[in-house]
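**Student:** Dumping the structure here so I can ask a few things about it.
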Amino acid sequence: MALLLSSHSPSLSRAIDRHFPEHGDVRVSHLPAPKMEALRGALVAGLQKVPVPSLQEIHKSSRAHPSSIVLHGPDLCPEYIVHLRGELPAKKVARMRELLQERRHSLRDMAKQLTMPTNRLRWYIRYYEPGVVLPLSDGRPVRQLTRPEGLGRLTLG
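Numbering-wise, the numbering used here puts 99 at position 72 of the sequence shown, and it's gapless, one number per residue.
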């Protein structure tokens with residue numbers, strides 16, 4: 028898009044973010060479909076094992092980069108974290124939902140208040156509130172509690 032508009036990519040991204048902040052929350056996967064399926068398969072297979080394999084073991088079995096597991100894992104198999112770490116106490120789930128309802132807290136702020144790492148919080152949000160649109164950056168607020176209708180890519184035509 029930057030080439031079509033004869034613009035610098037970062038400045039175009041900032042302009043889109045300024046006018047359409049919700050589009051900065053939408054993650055487009057650059058992981059090839061076979062790798063995505065291998066990651067999903069490794070996570071789902073891990074649910075059947077005792078003990079549940081760690082993320083490092085999932086990394087080895089799926090050959091997915093650790094950052095890909097952190098980014099895509101919650102969407103592919105949100106149940107994984109519950110099998111690995113256990114369910115959250117009811118008070119923490121209630122607090123997490125309160126923070127989400129306020130629609131102003133970043134994942135980093137929420138994680139600090141819930142005393143857990145942001146990567147783990149992403150998994151738990153996806154497990155307990157599957158419709159929430161998680162921002163790409165941990166510093167951005169969670170604005171959307173449900174996926175917008177017709178959510179797709181920005182197009183020129």
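We put the beta carbon where it would ideally sit given N, CA and C, even for glycine.
1) Classify Q140 as helix, strand or coil using the three-state DSSP reduction.
2) Tell me which residues share the same chain as L111 and place their Cβ nearer than 7 angstroms to its Cβ, disregarding the 5 neighbours each side in the sequence.
3) For L172, which option in P162, G158, G166 and D165 has the closest C-alpha, if you only look at C-alpha atoms?
4) Who does V160 pair with in a DSSP beta bridge?
5) E88 by DSSP, collapsed to three states: which one?
6) Taking G100 as part of the alpha helix (DSSP H), name the residues at either end of that continuous run.
7) For L163, is the classification buried or exposed, using 16 other Cβ atoms within 10 angstroms of its Cβ as the cut-off for buried?
**Tutor:** On the basis of the data shown:
1) If DSSP states are grouped into helix, strand and coil, Q140 belongs with the helices.
2) Exclusion of the five residues before and after L111 leaves V79 as the residues of its chain whose Cβ lies within less than 7 angstroms of its Cβ.
3) Measuring from the Cα of L172, the nearest candidate turns out to be G158.
4) Paired residues: Q171.
5) Note on identity: in this sequence residue 88 is Ser, with Glu being the wrong assignment. Helix at S88.
6) G100 -> alpha helix (DSSP H) spans P93 to L103.
7) Under a 10 Å Cβ-count criterion, L163 is classified as exposed, with fewer than 16 other Cβ atoms of the shown protein chains found around its own Cβ.
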